[in-house]
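J.: Structure below; questions to follow.
2 protein chains.
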Amino acid sequence: MDLIKEIRSVPDFPKKGIVFRDITTLLKSKEALACAVDALYDHYKGLRVDKVVSVESRGYILGAPLAYKLGAGFVPIRKPGKLPAATLKQEYALEYGTDAVEIHKDAISAGERILLHDDLLATGGTIGAACQLVEKLGGKIVGVSFLIELTFLQARKRLGQYDIFSLIKYDSE
Amino acid sequence: MDLIKEIRSVPDFPKKGIVFRDITTLLKSKEALACAVDALYDHYKGLRVDKVVSVESRGYILGAPLAYKLGAGFVPIRKPGKLPAATLKQEYALEYGTDAVEIHKDAISAGERILLHDDLLATGGTIGAACQLVEKLGGKIVGVSFLIELTFLQARKRLGQYDIFSLIKYDSE
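Protein chains in written order, with this note's numbering: chain W, 1 to 173; chain R, 174 to 346.
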């Protein structure tokens, strides 16, 4: 199944000049959803994974079934103020200004093998911050996966120390 | 497995006097995550389900694996302004003021059999709005499921027309 055909491209969202890659058309298809989860699972099934960590909120939609299928636990990374217990926070740079993400301090134990998943790899700011949080808790990152990668933004240069896998690649905007 | 033991109760979150039922301790356990997904699946496996619809963002974490396992598609309901294509919006009342949720207009076709899932049934405002969106698109709601139900808030009275199932019940705050 050619998953890229299941993505809807929406021009000028969220602002003029941006082509938004909409994954909801893929997710609503039972065949495409199964294909995407199975392809991620097939890539990682030989690896021992203790927990899948995903970023709020679209990252949860494939990250959680992947955790379930790998027999791993699932850890949500959230926007600041959403997690109720003690958290670690990591800021990261945006085009203008900064944003931040948080993880529960007890979400990961030292030495656990962690697979990160998010829906989209653009410039890599969010996932980079997520990786820092995991490593601050002592997690060992065994893979970083995406449904979509915008290869022309060259985030792999920024995330060079990690093993990155993406199901769908866009080479230009 | 007694899933209620996997929930962490956090007093005074998000504000004084509220006991927050934190599901992240359940999700991070591979055994508890598998148990929760399997229990939801077992409850609905005899029912034909075309799509699972979940509410942003914690609802996605069990809703998506449930969709995958049932062989259904997955539809995210989001906060206003997040979905890129044409949407339907539904407002609902909060204790003070209103909030709203949106669904893509093409997310559901008339006659499709829909299972809704969210992490928590409290007063039922959010899930009630989600059900209205599904029905406005012509979906037939075959079930409404939750990880946690706060039974003392009596949301079932409000949602009496639906078949409701929850894995964990709290009879008092």
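Heads up, the beta-carbon is just placed ideally off N, CA and C, and yes, glycines get one too.
#1: Please decide whether Glu-56/W counts as near chain R, where near means a Cβ-Cβ distance under 7 Å.
#2: Quick one: does Thr-197/R have its CB under 7 Å from some CB of chain W?
#3: To which residues of the same chain is Gly-46/W closer than 6 Å at the C-beta, ignoring the five residues directly before and after it?
#4: Residues of the region 34-48 of chain W with a CB closer than 7 Å to any CB of chain R: list them in chain order, please.
#5: Starting from the Cα of Leu-213/R, find the closest Cα among Ala-266/R, Gly-236/R, Asp-195/R and give me that residue.
#6: Report the partner residues of Glu-102/W according to the DSSP bridge assignment.
#7: Would the C-beta of Lys-188/R count as close to the ligand PLP, meaning under 6 Å from any of its heavy atoms?
#8: Sorted by chain position, which residues of the same chain lie with C-beta nearer than 7 Å to Asp-185/R's C-beta, five sequence neighbours on each side aside?
#9: Can you tell which of Asp-279/R, Asp-175/R, Ala-302/R, Ala-283/R has the C-alpha that lies nearest to the C-alpha of Asp-291/R?
#10: From the DSSP output, read off the bridge partner residues of Gly-73/W.
#11: With 16 as the cutoff for other CB atoms within 10 Å, does Gln-90/W come out buried or exposed?
#12: Just the Cα atoms here: how many angstroms apart are Ile-108/W and Gly-284/R?
#13: Could you work out which residues of chain W lie near Phe-186/R, taking near to mean beta carbons separated by less than 7 Å?
#14: In chain W, what lies closer than 7 Å to Ala-181/R by C-beta?
#15: Can you find a C-beta in chain W that's less than 7 Å from the C-beta of Phe-319/R?
#16: Does DSSP put Ile-337/R in a helix, in a strand, or in coil?
#17: Please identify the residue among Leu-121/W, Arg-78/W, Gly-139/W whose C-alpha is closest to the C-alpha of Ile-164/W.
#18: Count the other CB atoms within 10 Å of the CB of Arg-251/R; is the residue buried (16 or more) or exposed (fewer)?
T.: Reading off the structure:
#1: Counted from its first residue, the first sequence places residue 56/W at position 56. Interface residue, yes.
#2: Within the second sequence, the letter at position 24 stands for residue 197/R. Cβ-Cβ to chain W under 7 Å: yes for Thr-197/R.
#3: Residue numbering aside, residue 46/W sits at position 46 when the first sequence is read from its first letter. Around Gly-46/W: no qualifying Cβ.
#4: Ala-34, Val-37
#5: Taking the first residue of the second sequence as position 1, residue 213/R is located at position 40. If we check each option's Cα against that of Leu-213/R, Gly-236/R comes out closest.
#6: Sequence index remark: in the first sequence, residue 102/W carries index 102 (1-based). BP columns for Glu-102/W point to Arg-78/W, Lys-89/W.
#7: Among the components modelled here there is no ligand, and therefore nothing to report on the ligand PLP.
#8: Position 12 of the second sequence, counted from the start, is the residue given in the question as residue 185/R. These residues qualify, in order along the chain: Ile-191.
#9: The residue labelled residue 291/R in the question sits at position 118 within the second sequence. Selected option, being the one with the closest Cα: Ala-302/R.
#10: As a working note, residue 73/W is residue 73 in the first sequence. Bridge partners of Gly-73/W: Lys-51/W.
#11: Stepping through the first sequence from its first residue, residue 90/W is reached at position 90. Gln-90/W comes out buried.
#12: Translated into positions along the first sequence, residue 108/W becomes position 108. Translated into positions along the second sequence, residue 284/R becomes position 111. Cα-Cα distance, rounded: 43 Å.
#13: The sequence position of residue 186/R within the second sequence is 13, counting from 1. Pro-84, listed in chain order.
#14: Residue numbering aside, residue 181/R sits at position 8 when the second sequence is read from its first letter. The sequence given here places Arg at residue 181/R; Ala does not occur at that position. Within chain W, the residues near Arg-181/R are Ala-85.
#15: One-based indexing of the second sequence puts residue 319/R at position 146. For Phe-319/R, the answer is no, since every Cβ of chain W falls outside 7 Å of its Cβ.
#16: Position 164 of the second sequence, counting from 1, holds the residue named residue 337/R. Reduced to three states, the DSSP call for Ile-337/R is strand.
#17: If you number the first sequence from 1, residue 164/W lands on position 164. That would be Leu-121/W, whose Cα lies nearest to the Cα of Ile-164/W.
#18: If you number the second sequence from 1, residue 251/R lands on position 78. It is buried - the Cβ of Arg-251/R has at least 16 other Cβ atoms within 10 Å.
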